[in-house]
Amino acid sequence: MYFYEHFDMTHRTIGPGFEIDVITGEKGQMSFVTLEPGATVPMHDHSHEQMGYIMEGDFEFTIGDETRRVKAGDKYVIPGGVTHGITKVYIRSLALDIFSPPREEYA
């Protein structure tokens with residue numbers, strides 16, 4: 001499949017107020033992330049490189065030892081093995097995450 005509609009994507013509820021819609025290729029993966037106000041993403045790490053773009057919203061994001069309030073238009077890169085998480089979501093937020101290699105648990 002080369003083109004995807006929203007209903008073609010794999011949907012996952014990761015936690016309260018935290019949902020993703022995923023497209024997985026052979027060497028990469030796109031995850032459209034929806035975060036509702038009050039949601040959190042516990043600090044975690046994985047071997048995959050992750051990069052992303054905040055499409056809309058406003059939340060506090062910790063990567064390694066740096067915490068920043070991110071908003072629409074901000075971008076980030078998280079090397080594999082670096083701890084990261086979201087501590088506070090102020091308004092409904094949408095982000096696009098890219099993983100390489102794909103995360104099997106999201107496929």
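When you number the sequence shown by the UniProt record's numbering, it's gap-free, plus one each residue, and the end is 107. We put the beta carbon where it would ideally sit given N, CA and C, even for glycine. These numbers come from a predicted model, not from an experiment.
- Where residue 47 is concerned, there is no enclosing beta strand (DSSP E), because DSSP gives it neither an H nor an E.
- Taking C-beta separations shorter than 6 Å and ignoring five residues to either side along the sequence, the partners of residue 63 in its chain run 78 and 84, following chain order.
- Annotation: the continuous beta strand (DSSP E) that includes residue 15 extends over 10-15.
- Restricting attention to 59, 103 and 66, the CA atom closest to the CA of residue 73 is found in 59.
- For residue 39 and residue 24, the gap between their C-alpha atoms comes out near 25 Å.
- Residue environment: residue 47 is assigned as exposed (fewer than 16 neighbouring CB atoms within 10 Å of its CB, all protein chains considered).
- Taking 7 Å as the cut-off, the Cβ atoms of residue 57 and residue 97 do not count as close.
- Membership of residue 77 in the beta strand (DSSP E) is indicated by the continuous run 75-78.
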